[in-house]
Amino acid sequence: MKKYSIEKSTEDWKNQLEPEQYRVLRKKGTEAPHTGKYNLHFDDGSYNCAGCGTKLFESESKFKSNCGWPSFDNAIEGSIEYVQDNSFGMQRIEVLCANCGGHLGHVFDDGPTESGTRYCINSASLNFDK
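Mapping of the sequence shown onto UniProt numbering: position 84 corresponds to residue 84, and the numbering continues sequentially without gaps.
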């Protein structure tokens with residue numbers, strides 16, 4: 001199992017995170033579509049891991065995808081870990097915070113921008129800094 005810069009006990013994570021954040025970040029949950037606070041959020045700033053504060057995405061990389069979750073076309077280099085995910089009979093690429101291993105969402109190659117990438121991220125896994 002991979003070692004991360006930030007590792008905490010289950011109890012410590014439960015004490016630090018809100019229940020929905022814990023379910024998404026530590027249990028690989030998915031929030032319901034169109035319910036996350038950052039889905040249609042387009043202020044200038046950065047989106048950071050709600051678990052450890054690592055800067056993951058700049059606001060310039062966010063776009064409206066109509067998929068129901070915040071979508072980004074580029075991540076900050078070195079901030080994301082990519083893991084093959086074959087759950088639920090699908091083949092996807094899961095994205096994790098490279099610093100604490102928190103589940104963020106998935107990345108797809110169907111993005112509408114020049115990068116061709118769409119990071120589909122749970123709002124519960126993010127905090128925003130202006």
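Glycine included, every Cβ here is placed at the ideal spot set by N, Cα and C.
CA nearest to the CA of residue i, picked from the options
| i | options | result |
| --- | --- | --- |
| Ser5 | Gln21, Gly78, Lys28 | Gly78 |
| Asp44 | Cys120, Phe63, Trp13, Asn122 | Phe63 |
| His103 | His34, Gly89, Thr54 | Thr54 |
| Ser87 | Lys3, Trp13, Lys2, Thr30 | Thr30 |
| Gly36 | Lys28, Phe108, Tyr47, Gly68 | Gly68 |
Contacting residues, own chain, Cβ-Cβ under 6 Å from residue i (five flanking each side not counted)
| i | result |
| --- | --- |
| Glu20 | Ala124 |
| Gly111 | Asp73, Thr117, Arg118 |
| Glu7 | none |
| Ser115 | Asp73, Asn74 |
| Tyr38 | Pro70, Ser123, Leu126 |
Check whether residue i and residue j have beta carbons under 7 Å apart
| i | j | result |
| --- | --- | --- |
| Asn127 | Ala32 | no |
| Gly105 | Ile121 | yes |
| Ser59 | Ser65 | no |
| Leu56 | Ala75 | yes |
| Asn99 | Cys52 | yes |
| Ser46 | Asp109 | no |
Contacts around residue i, its chain only, beta-carbon distance under 8 Å, and the 5 residues preceding and following it disregarded
| i | result |
| --- | --- |
| residue 151 | There is simply no residue 151 to check, as the chain begins at 1 and stops at 130 in what is shown. |
Any non-hydrogen atom of the ligand MG closer than 6 Å to residue i Cβ
| i | result |
| --- | --- |
| Gly68 | Ligands are entirely absent from the displayed structure, and the ligand MG is therefore not among its contents. |
Own chain residues within Cβ distance below 7 Å of residue i, not counting five before or after
| i | result |
| --- | --- |
| Thr113 | Phe63, Asp73 |
*Any 3 or more C-beta pairs closer than 8 Å across the stretch 12 to 26 and the stretch 73 to 90*: The stretch 12 to 26 and the stretch 73 to 90 do not touch, with fewer than 3 CB-CB distances between them shorter than 8 Å.
query = In chain order, which continuous runs of the alpha helix (DSSP H) of length 4 or greater are located wholly inside the UniProt domain "MsrB" (10 to 130)?
reply = 10 to 16, 19 to 27
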